[in-house]
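To keep things clear, I will list the structure first and then write my remarks on it.
In my numbering, the protein residues as written are 1 to 168.
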């Protein structure tokens with residue numbers, strides 16, 4: 001026989017332990033596509049360099065934040081993105097894995113392996129947009145990098161570990 005007090009106790013315990021989880025997505029709409037850039041309306045709170053997701057699984061990076069729309073770089077073929085498609089914020093700033101596990105690997109723009117050797121096991125990630133260290137913070141250039149083309153080596157000296165040396 002079913003005891004009403006026992007059932008009531010079980011229900012009260014479950015109600016007391018219940019935690020409602022509400023998940024709210026901010027979704028925008030593609031209003032224009034061209035040259036691997038999608039103009040998206042409705043993502044008012046999107047952040048600079050934030051990853052966004054299209055319904056077909058493609059991702060993009062929000063870069064050009066304007067008053068009424070966002071310019072999103074499409075990380076894949078723009079032929080798969082159409083006007084009117086929804087675009088969802090991810091809340092994640094674009095970052096890539098860094099460290100020894102990337103040596104000898106082939107990766108896409110987001111650091112995902114595309115060489116068929118399995119996923120990259122990275123312990124650290126770094127955002128794709130960073131302020132370059134000042135000249136004072138960098139290690140001094142001690143060794144030139146020879147290109148093998150005398151005209152370039154003479155006119156534009158390149159230091160190993162730096163972009164180019166400017167002689168004033």
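For glycine and all other residues, C-beta sits at the position ideal for the given N, C-alpha and C. Just so you know, these numbers come straight off a predicted model, no measurement behind them.
Helix, strand or coil at residue i according to DSSP, with G and I counted as helix
i: residue 92; result: strand
i: residue 168; result: Because the pLDDT at residue 168 is just 44, under 50, the model does not fix this residue reliably, and the point stays unresolved.
i: residue 74; result: strand
i: residue 4; result: helix
i: residue 123; result: coil
i: residue 113; result: strand
i: residue 12; result: helix
i: residue 39; result: strand
i: residue 80; result: helix
i: residue 102; result: helix
Beta-carbon gap between residue i and residue j smaller than 7 Å
i: residue 32; j: residue 88; result: no
i: residue 73; j: residue 63; result: yes
i: residue 28; j: residue 42; result: yes
First and last residue of the uninterrupted beta strand (DSSP E) at residue i
i: residue 32; result: 27-34
i: residue 61; result: 59-65
Rounded Cβ spacing between residue i and residue j (contact assumed at less than 8 Å)
i: residue 58; j: residue 81; result: 7 Å
i: residue 158; j: residue 145; result: 5 Å
Segment limits, alpha helix (DSSP H) that includes residue i
i: residue 155; result: 150-155
Cβ pair count under 8 Å reaching 3, the region 93-112 against the region 127-134: yes
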